[in-house]
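Oh and the sequence shown: position 516 is 689 in my numbering, straight run, nothing missing. Every residue gets a Cβ at the ideal spot worked out from N, C-alpha and C, and that includes glycine.
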Amino acid sequence: MTAFVVNGVTSFANLLFAASLYVQGVGFNTQFFYHLDGETFAIARQAYALVFFGAWVYWLGLCAVPFFLGWRRPRWADRVPKRFMALVGIAAITAYAPLLSFASFLLASGDPQPSTREPATSTVEIAPEALQDPKSLVLIFAESLEATYSRRDIFGDDLTPYLTALARKGASFENMREVDNTGSTIAGMVGAMCALPLRSPMPWEHLNTVLPNVDAPLPGQACLGDILAAHGYRTVFMGGAPLGFAGKGKFLAAHGFAELSGATDLLPLLEDPDYRSGWGVHDDTLFEFALRKLDALADGVSPFALTLLTLDTHHPSGLPSGSCPERGREASDMEFAIRCSDRLLSSFIEDVRSRYENVVVALFSDHLAHRNELFSTLRSHADARRLRFSVWGPDIEPINVARKGTHYDVMPTMMDFLGFEGWLQHNMGASLLRSNSPWFTLDEESAATITQSLPEIRLEIGSEILFKTAGPTIEIDGRRILATNEGLALKNAIFAMEFDEGGNFVGFRDGEFADKFLAETGDGIWVGVSTNEGFNRRFVSGEPLKLAFFAGCFDADGLVAGPLWWRERLDVSTIISDCGFGAP
């Protein structure tokens, strides 16, 4: 009986692990367990009916194995030492892929250093521009509605004819590529709004698990919402899915959005509480709520920015709204959902353009489609796949922009359409109306190091961690930025930890330049993190460029002869003692 239970549980875990790999390409993560609810499970079971049936037969067959072995127990089994069998069992469990994946998920979900202090970040100063007649913005992230669906040469027909016709009335960017670390909704939103990739310091962690446990993601970065809010825009986000999924709500709240509405907020407002999808609110209902919100926003004096996130084209089969016409000649449920969204989106965009003045409307697919019923066709034309990006506005003439672009170019391009001058190049993006995407103008050497690996660096006082960071970095115009959820913008200067004469930690400071910083310190102990190549080689000749700690005693004339370390892990208590201050 024990063998039956163990075999059944492990076989079921194998099936769950295989399902996660099949649907999303990675093992267990928050996204997978989030979807283990009744409604989403029912949707998946309907979409993958044959796969579910095969998995059920497979599981029942494996469960029967112990009974078969017990009925015909081989004689050699009695001659195998029990200790050997125990070791084999332990080794099998240790190397068991679902167990390892689940353990990684648990480790990634926790907060290993909740007491870690973070240094003062070099935030981007947002100096308000004097805008003449500022334009409002409606930005729509269309769930995986890539431009490839409009290709007759790929699908035999244009699956989005209404959006194709509408795109001819505005600016259409026909060469938008998906690059690494932008392949999920939250990663696509971060990339499009902040011009930075969303990356995890742990290579096995899925992008949807990076932000949920971070209260203030990317604190050192200015994103679209931050900039618009600093210019007096009223900023609103509305989406049919829960705000908590993948950390969307935390990201948006931390970056300029004053009003957020997700499934929890919108579902109680439904006239028919049963009219909903497994994800939340259907797109037709979302657009109704959005028009009501736009009516209220348009009555105000200051400009506004409304951002929407659709759902109906979510894999694997889509979740079409009930207001769509009856299904016709569509070959699959996913095709029907795409054609339905084509009608709904084009109608909503036309309504916005006709009802509200001085409003720029932008449509952008948050990422390329994941595995769905049309995925075999998409996969066979991988090189031809493109993101959808179209913009309409009162002063926007019809134009096709052929420049190659990425998520990172969306924000600078939108700032250009809105009349801003100071944000046409930002982080890893640029306005495609005026210049080429920085991503595609890098030489081979720069491209190879743009997300280079950074070893963990840790500053401690005994067992207390003052500052710890690790993961990939991005170097842009001489600035180095941690490409993780912290998003610290590390200046070409010093992040320093200041201590008083009693050896007590006071706080963090930073300086614009090394010489100026050292001149302003006065007597005291300073420990810093240097990312400046010149500063590194000034004090440690021959050292390669790296991020590491320096430490010592400084006065107004600079570095005093004394301790100076160049290490990736440093205990400050030793420095305090050697410099003649009291122990912390």
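- Message: Going by C-alpha to C-alpha distance, which of L439, F562, F590 sits closest to L318?
- Response: Nearest C-alpha to L318: F562.
- Message: Looking at I569: is its Cβ nearer than 7 Å to the Cβ of G343?
- Response: If you check the CB distance, I569 and G343 come in under 7 Å.
- Message: According to DSSP, W565 sits in a beta bridge with which residue or residues?
- Response: Residue pairing by DSSP puts W565 in a beta bridge opposite V534.
- Item | Host beta strand (DSSP E) of M349 (start-end) | Unbroken run through M349: none, as it is neither H nor E.
- Message: Whole angstroms are fine: how far does the CA of G602 sit from the CA of L332?
- Response: Taking the straight line joining both Cα atoms gives about 30 Å.
- In the DSSP assignment, find the unbroken alpha helix (DSSP H) run with L459 in it and report its ends. Run containing L459: 456 to 471, per the alpha helix (DSSP H) assignment.
- Task: Would you mind reading off the limits of the alpha helix (DSSP H) that contains V363?
- Result: 358 to 367 is the extent of the alpha helix (DSSP H) around V363.
- Check the DSSP bridge columns for G578 and list the partner residues they point to. Paired residues: M349.
- Query: Under a Cβ-count criterion, where at least 16 other Cβ atoms within 10 Å of its own Cβ denotes burial, should N545 be classed as buried or exposed?
  - Reply: N545 is buried by the Cβ-count criterion.
- Message: Helix, strand or coil, according to DSSP, for F521 in the structure here?
- Response: Secondary structure of F521 (DSSP, three-state): helix.
- Item | Segment limits, beta strand (DSSP E) that includes G412 | The continuous beta strand (DSSP E) containing G412 extends over residues 407 to 412.
- So is the beta-carbon of I511 under 6 Å away from any non-hydrogen atom of the ligand SAM? Ligands in the displayed structure: none, and consequently the ligand SAM is not present.
- Item | Beta-ladder partner(s) of N573, from DSSP | DSSP lists S345 as the beta-bridge partner residues of N573.
- Task: Identify every residue that forms a DSSP beta bridge with V474.
- Result: Its beta-bridge partners do not exist; DSSP assigns none.
- Item | Terminal residues of the beta strand (DSSP E) in which L425 lies | Run containing L425: none in the beta strand (DSSP E); it sits in the alpha helix (DSSP H), 421 to 427.
- Beta-carbon gap between M349 and R559 smaller than 7 Å: Their beta carbons are under 7 Å apart, which means M349 touches R559 by this criterion.
- Query: Roughly how many angstroms separate the alpha carbons of T550 and G491, rounded to a whole number?
  - Reply: A straight line joining the alpha-carbon of T550 with that of G491 spans about 16 Å.
- D457 to S494, Cα distance in whole Å? The straight-line gap separating the alpha-carbon atoms of D457 and S494 is approximately 6 Å.
- Task: May I ask which residues mark the beginning and end of the alpha helix (DSSP H) holding L439?
- Result: From DSSP, the alpha helix (DSSP H) with L439 extends over 436 to 439.
- Can you give me the start and stop residues for the beta strand (DSSP E) that F314 sits inside? F314 -> beta strand (DSSP E) spans 309 to 315.
- With a threshold of 16 other CB atoms inside 10 Å of the CB of G473, please say whether the residue is buried or exposed. Residue environment analysis places G473 among the exposed positions, since fewer than 16 neighbouring C-beta atoms fall within 10 angstroms of its C-beta.
- Task: Taking M584 and H599 to be in contact with their CB atoms under 8 Å, please state how far apart those CB atoms are, rounded to whole angstroms.
- Result: Contact annotation, M584 with H599: C-beta distance approximately 6 Å; criterion of less than 8 Å satisfied.
- Query: Looking at C-beta atoms only, is the number of pairs between the segment 470 to 487 and the segment 504 to 517 that lie closer than 8 Å three or more?
  - Reply: Judged by Cβ distances under 8 Å, the segment 470 to 487 makes contact with the segment 504 to 517, as three or more pairs qualify.
- Burial state of V230, where buried means 16 or more other Cβ atoms lie within 10 Å: In summary, V230 is exposed, with fewer than 16 beta-carbon neighbours lying within 10 Å of its beta-carbon over all protein chains present.
- Message: With the cut-off set at 7 Å, would you say G422 and T408 are in Cβ contact?
- Response: Contact flag unset, no.
- Between the Cα of A555 and those of A542, W565, P567, L459, spot the shortest distance and give me the residue it belongs to. Of the candidates A542, W565, P567, L459, the residue whose Cα lies closest to the Cα of A555 is A542.
- Opening and closing residue of the alpha helix (DSSP H) in which W589 lies: In the sequence as presented, Trp is not what sits at residue 589; that position holds Asp. For D589, the uninterrupted alpha helix (DSSP H) segment begins and ends at 583 to 590.
- Task: State the start and end residues of the unbroken alpha helix (DSSP H) segment that holds D399.
- Result: 397 to 403 is the span of the alpha helix (DSSP H), which, as asked, contains D399.
- Assign R324 to buried or exposed, taking buried as 16 or more other Cβ atoms, counted over all protein chains shown, within 10 Å of its Cβ. Around the beta carbon of R324, 16 or more other beta carbons sit within 10 angstroms, so the residue counts as buried.
- Task: Flag this pair as yes or no: are the beta carbons of L336 and D524 separated by less than 7 Å?
- Result: In this structure, D524 does not lie closer than 7 Å to L336 by Cβ.
- Option nearest S345 by Cα separation, candidates S610, A535, F548: Among S610, A535, F548, the Cα nearest to that of S345 is on A535.
- So is F226 buried or exposed if we call it buried at 16+ other beta carbons inside 10 Å? Label assigned to F226: exposed.
- Report all residues from its chain with a CB closer than 6 Å to the CB of R576; omit the five preceding and five following residues, and keep chain order. Hits under 6 Å: L605, N609.
- Using the beta-carbon count (16 or more within 10 Å), is E351 buried or exposed? Counting Cβ neighbours within 10 Å, E351 comes out buried, since at least 16 surround it.
- Task: Put L384 into one of helix, strand or coil per three-state DSSP.
- Result: In this structure, L384 counts as coil in the three-state DSSP scheme.
- Query: Where do the N-terminal and C-terminal ends of the alpha helix (DSSP H) with L339 fall, by residue?
  - Reply: Taken as a continuous stretch (DSSP letters only), the alpha helix (DSSP H) holding L339 covers 334 to 340.
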